[in-house]
Amino acid sequence: MTARIDTPALFQLHQPATGFVRRLGAVGLRLWQGYERHLQRLDLAELDARMLADIGLSEADRRRECRPLWLHRG
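With the UniProt record's numbering applied, the sequence shown has no gaps in its numbers, which climb one by one up to 74 at the end.
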């Protein structure tokens with residue numbers, strides 16, 4: 001399992017920001033969240049059938065969630 005890192009303080013603006021800085025922070029946050037989901041999918045891919053059953057997922061659920069992004073249908 002991979003270690004989790006909290007959302008970087010860079011993306012948590014504590015003062016009023018201009019529109020550009022706010023949008024830049026939002027893009028950075030979105031990229032960070034995508035990376036976190038990627039790490040979670042890597043962890044999910046390592047689970048065996050017993051562990052999947054413990055969290056209520058089947059092998060088909062895991063395959064569907066772990067397939068590459070371009071194979072997902074909207």
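Glycine included, every Cβ here is placed at the ideal spot set by N, Cα and C.
All figures in this text were calculated on a predicted structure; none of them were measured in a lab.
Three-way DSSP call (helix, strand, coil) for residue i in this model
| i | result |
| --- | --- |
| Arg67 | coil |
| Leu57 | coil |
| Asp43 | helix |
Sub-8 Å separation of residue i and residue j beta-carbons
| i | j | result |
| --- | --- | --- |
| Leu62 | Ala45 | Here the sequence assigns Arg to residue 62, which means Leu is not the residue at that position. Taking 8 Å as the Cβ cut-off, Arg62 and Ala45 qualify as a contacting pair. |
Cα-Cα separation, residue i to residue j
| i | j | result |
| --- | --- | --- |
| Asp48 | Gln33 | 25 Å |
| Asp35 | Met51 | Before going on, a small fix: residue 35 reads as Tyr here, not Asp. Taking the straight line joining both Cα atoms gives about 23 Å. |
| Leu71 | Arg41 | 15 Å |
| Arg64 | Gly28 | 27 Å |
| Glu59 | Leu31 | 28 Å |
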